[in-house]
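Here it is as structure tokens:
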């Protein structure tokens, strides 16, 4: 029961971003932050795992090769939150989430789907948005609805591309709590692409750092996120210090000349 | 959280009440289409009472011979044609706007409509006769063939380039301008009488309607609508975002190609018999969207109904605007549709402001 990436090559039209990427197996129940500088391929990696980009090599979830599954089956195994927010169209939040359940044709009864939707709106704390149109919502609210589209189906593997990019601090904590609860309770795995290293340090079991040139390192957050690594990958001078409660925090001091 | 199914206070219950309002709205549109159809049959140079029309439709023998001819041979095909053509164009426009994610998309954006005009112009200008077919048969066939060819060309070109939304829309617009140039060239070299005929064709007219032609267009609509509705959830999901839809197993590229194919079929069938009617495919979906939202279970049939209502109203107006003269309906559609459209937008923005 785990996620394994073996010799994964992903990219756009004859331009692989990753060549033969192999990672140690990711245990069930893990929340993994995927971090790295801009354009390093965080989104590409998530898309490649989700099967939205051409990928070769192996992605194994609980022993099953994901890309060899029929699309209908693969859909039951993973949930993907794209980086762009849901569009501001006259769809109400409830039907946006409902359509995600229906289009995935998971064979669930209507009553079960309705219960799942109600539960996810409560978990994320967006019950009051249910009958509001996406067109009338703020970016952050639309991002929450997008998350509901993913979480409602309770997939064993969640691929979330910057799920907190439009959220204020309250909702950032809310979302990461919800994702962490989902991974713990269901032994699911979540890969969360993010630029927020402090959220990664606080919530994630592991951090996957992608560096330019297709290199990747994965490990426990405190072991991986060192000043030397931050200098190498982000080109910054940074410190890792402890706050009054003993949690590590990243303090970025200044950019280094490249 | 209560586990009772659909408790009235729960979100599911609230959503059901919300959906119920849309069902009523859709029923209202259907009633409006029916009413417009009856008024369309009743109006014309010889005005008939609505009661007479209803009675006559239910029992043809109750009508005088003269009135029977007017109702069944002239008005009914004319009015039914307005309904089915409007429905075809409304449905085609709604599907296109969704899969191309572009509020300005309509069968005309792709040049499908212009291609039909090109097909008709060629027959008119060069008086072509093929396989001994008469012009009145060859003209719709040629319009249909050119419209279908235009969409096939776009399908092929966009397929080789990955069927991205921008590629399809840009090809469509390029094709539209290209074809318009060729039609202009034909008009330049054609004789005066042909030019007049071509211009008349581009104005769109229901006067060429007959019951068997209505049956053909209705048949195309009946074949396309179930396929459209089957995709309703996938299209609704696509509206919230393409990548999300893709990750949930919606085959977006394939759906886009199939929709373009359906659109060309609907447009070509509608235009083959009535000429160019441009406005409906663009505006009917917007009217339906303002009334029904984006849930495609309602938006798709709603757009078809809105198209039917719009063209029926236009047909009525085309007979009443200038007494004794039936104007080409293509000219009237925009005149009727725009005030209705603006009215809806104003009403909605007022509601939002309250």
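Chains as they are written, first to last, in UniProt numbering: chain A, 1 to 258; chain B, 1 to 354.
Here a beta-carbon is modelled for each residue, glycine too, at the ideal position from N, C-alpha and C.
No experiment lies behind these values; they were computed from the predicted model shown.
Compare the Cα-Cα distances from residue 283 of chain B to each of B/243, B/153, B/308 and report the closest residue.
Residue mapping note: residue 283 of chain B aligns to position 283 of the second chain, counting from 1. With distances taken between Cα atoms, residue 283 of chain B lies closest to B/308.
Check each candidate in A/98, A/35, A/181, A/228 and name the one with the smallest Cα separation from residue 214 of chain A.
Translated into positions along the first chain, residue 214 of chain A becomes position 214. Residue 214 of chain A has its Cα closest to that of A/35, out of A/98, A/35, A/181, A/228.
Buried/exposed call for residue 247 of chain A, threshold 16 Cβ in 10 Å:
Translated into the one-based positions of the first chain, residue 247 of chain A becomes position 247. Classification of residue 247 of chain A: exposed, given that the 10 Å Cβ count is below 16.
Interface residues of chain B around residue 185 of chain A at Cβ under 8 Å?
In the first chain, residue 185 of chain A corresponds to position 185, counting from 1. The premise fails here: residue 185 of chain A is roughly 15 Å from chain B at the closest Cβ pair, so nothing lies under 8 Å.
In the structure shown, what three-state DSSP assignment does residue 8 of chain B receive?
To locate residue 8 of chain B, count along the second chain from 1; it is residue 8. Below a pLDDT of 50, predicted positions are generally treated as unreliable, and residue 8 of chain B, at 48, falls in that range; the measurement from the model is reported next regardless. Reduced to three states, the DSSP call for residue 8 of chain B is coil.
I need the DSSP call for residue 341 of chain B, collapsed to helix, strand or coil.
As a working mapping, residue 341 of chain B is identified with position 341 in the second chain. In the three-state scheme derived from DSSP, where H, G and I count as helix and E and B as strand, residue 341 of chain B is classed as helix.
Integer Cβ distance of residue 22 of chain A from residue 5 of chain A, believed to fall under 8 Å:
On the first chain, position 22 is the one that residue 22 of chain A refers to. On the first chain, position 5 is the one that residue 5 of chain A refers to. The pair is a contact, with the Cβ atoms about 6 Å apart (cut-off 8 Å).
Quick one: what does DSSP say residue 159 of chain A is sitting in, helix, strand or coil?
Numbered from its first residue, the first chain carries residue 159 of chain A at position 159. Here residue 159 of chain A sits in strand by DSSP.
Using a beta-carbon distance below 7 Å, is residue 19 of chain A in contact with chain B?
Position 19 of the first chain, counted from the start, is the residue given in the question as residue 19 of chain A. Residue 19 of chain A does not count as touching chain B.
Cα-Cα separation between residue 332 of chain B and residue 106 of chain B, rounded to whole angstroms:
The residue given as residue 332 of chain B occupies position 332 in the second chain. The residue given as residue 106 of chain B occupies position 106 in the second chain. For residue 332 of chain B and residue 106 of chain B, the distance between alpha carbons rounds to 18 Å.
With DSSP as the reference, label residue 33 of chain A as helix, strand or coil.
Position 33 of the first chain, counting from 1, holds the residue named residue 33 of chain A. If DSSP states are grouped into helix, strand and coil, residue 33 of chain A belongs with the strands.
Pairing CB atoms from the stretch 56 to 76 of chain B with CB atoms from the stretch 232 to 239 of chain B, are three or more of them under 8 Å?
no
For residue 108 of chain B, which of helix, strand or coil comes out of DSSP?
In the second chain, the residue the question calls residue 108 of chain B occupies position 108. Here residue 108 of chain B sits in coil by DSSP.
For residue 56 of chain A, name the three-state secondary structure that DSSP assigns.
Numbered from its first residue, the first chain carries residue 56 of chain A at position 56. Note: residue 56 of chain A maps to strand in three-state DSSP.
I'd like to know whether the C-beta of residue 104 of chain A is nearer than 7 Å to at least one C-beta of chain B.
Within the first chain, numbered from 1, the residue matching residue 104 of chain A stands at position 104. It does; some Cβ of chain B falls within 7 Å.
How is the alpha helix (DSSP H) around residue 96 of chain A delimited, first residue to last?
The residue labelled residue 96 of chain A in the question sits at position 96 within the first chain. Note, residue 96 of chain A: alpha helix (DSSP H), 93 to 103.
Around the Cβ of residue 38 of chain A, are there at least 16 other Cβ atoms within 10 angstroms (buried) or fewer (exposed)?
To locate residue 38 of chain A, count along the first chain from 1; it is residue 38. Exposed, since its Cβ has fewer than 16 Cβ neighbours within 10 Å.
Could you list which residues in chain A have their beta carbon closer than 7 Å to that of residue 294 of chain B, in chain order?
Residue 294 of chain B sits at position 294 when you count from the first residue of the second chain. Neighbours of residue 294 of chain B on chain A, chain order: 89, 90, 91.
Candidates A/254, A/147, A/101, A/130: closest to residue 177 of chain A by CA position:
In the first chain, residue 177 of chain A corresponds to position 177, counting from 1. Residue A/147 is the option with its Cα nearest to residue 177 of chain A.
Measuring alpha carbon to alpha carbon, tell me which of A/142, A/115, A/155 ends up nearest residue 185 of chain A.
Locating residue 185 of chain A in the first chain gives position 185, where the first residue counts as 1. Taking only the C-alpha atoms, the option nearest residue 185 of chain A is A/155.
Is the stretch 293 to 301 of chain B touching the stretch 103 to 123 of chain B, taking contact as three or more C-beta pairs under 8 Å?
no
Assign residue 285 of chain B to one of three DSSP states: helix, strand, or coil.
As a first step, residue 285 of chain B must be located in the second chain, where it is residue number 285. Three-state result, residue 285 of chain B: helix.
Taking C-alpha atoms, which residue in A/76, A/187, A/66 lies nearest to residue 107 of chain A?
For the purposes of this step, residue 107 of chain A is taken as residue 107 along the first chain, with counting starting at 1. For residue 107 of chain A, the nearest C-alpha among the options comes from A/76.
Kindly identify the DSSP beta-bridge partner or partners of residue 207 of chain A.
Along the first chain, read from residue 1 onward, the residue named residue 207 of chain A stands at position 207. Note: residue 207 of chain A sits in a beta bridge opposite A/33, A/219.
Tell whether a beta-carbon distance below 7 Å holds between residue 303 of chain B and residue 94 of chain B.
Counted from its first residue, the second chain places residue 303 of chain B at position 303. Counted from its first residue, the second chain places residue 94 of chain B at position 94. For residue 303 of chain B and residue 94 of chain B, yes; Cβs fall inside 7 Å.
Of the choices A/88, A/40, A/208, A/20, whose alpha-carbon is the least far from that of residue 220 of chain A?
Numbered from its first residue, the first chain carries residue 220 of chain A at position 220. Taking only the C-alpha atoms, the option nearest residue 220 of chain A is A/208.
I want to see whether chain B comes within less than 7 Å of residue 52 of chain A, judged by CB atoms only; does it?
The residue labelled residue 52 of chain A in the question sits at position 52 within the first chain. Yes, contact with chain B.
Which residues bound the beta strand (DSSP E) around residue 253 of chain A?
Along the first chain, read from residue 1 onward, the residue named residue 253 of chain A stands at position 253. Its beta strand (DSSP E) spans residues 248 to 255.
Note down, in chain order, every chain B residue with its Cβ under 7 Å from the Cβ of residue 95 of chain A.
Your numbering for residue 95 of chain A matches position 95 in the first chain. Within chain B, the residues near residue 95 of chain A are 236, 295.
Assign residue 2 of chain B to buried or exposed, taking buried as 16 or more other Cβ atoms, counted over all protein chains shown, within 10 Å of its Cβ.
Locating residue 2 of chain B in the second chain gives position 2, where the first residue counts as 1. No answer about residue 2 of chain B holds up, because its pLDDT of 38 lies below 50 and its placement is not dependable.
For chain B, find out if any of its Cβ atoms is closer than 7 Å to the Cβ of residue 212 of chain A; answer yes or no.
Along the first chain, one-based indexing puts residue 212 of chain A at 212. It does not: the Cβ of residue 212 of chain A has no partner Cβ on chain B nearer than 7 Å.
If the cut is a Cβ gap below 8 Å, which residues of chain B does residue 118 of chain A touch?
Walking along the first chain from the start, residue 118 of chain A turns up at place 118. Correct list: 1, 10, 11, 12.
Looking only at C-alpha atoms, which of A/47, A/257, A/152 sits nearest to residue 100 of chain A?
Mapped onto the first chain, residue 100 of chain A falls at position 100. Answer by Cα proximity: A/152.
Any idea if residue 211 of chain B is buried or exposed, counting beta-carbon neighbours within 10 angstroms, 16 or more meaning buried?
Here residue 211 of chain B refers to the residue found at position 211 when the second chain is read from its first residue. With fewer than 16 other Cβ atoms within 10 Å, it is exposed.
Check whether the Cβ of residue 241 of chain B lies closer than 7 Å to any Cβ atom in chain A.
Here residue 241 of chain B refers to the residue found at position 241 of the second chain. Residue 241 of chain B counts as touching chain A.
Does chain B have any CB closer than 7 Å to the CB of residue 12 of chain A?
What you label residue 12 of chain A is simply residue 12 of the first chain in a count that begins at 1. So, not an interface residue.
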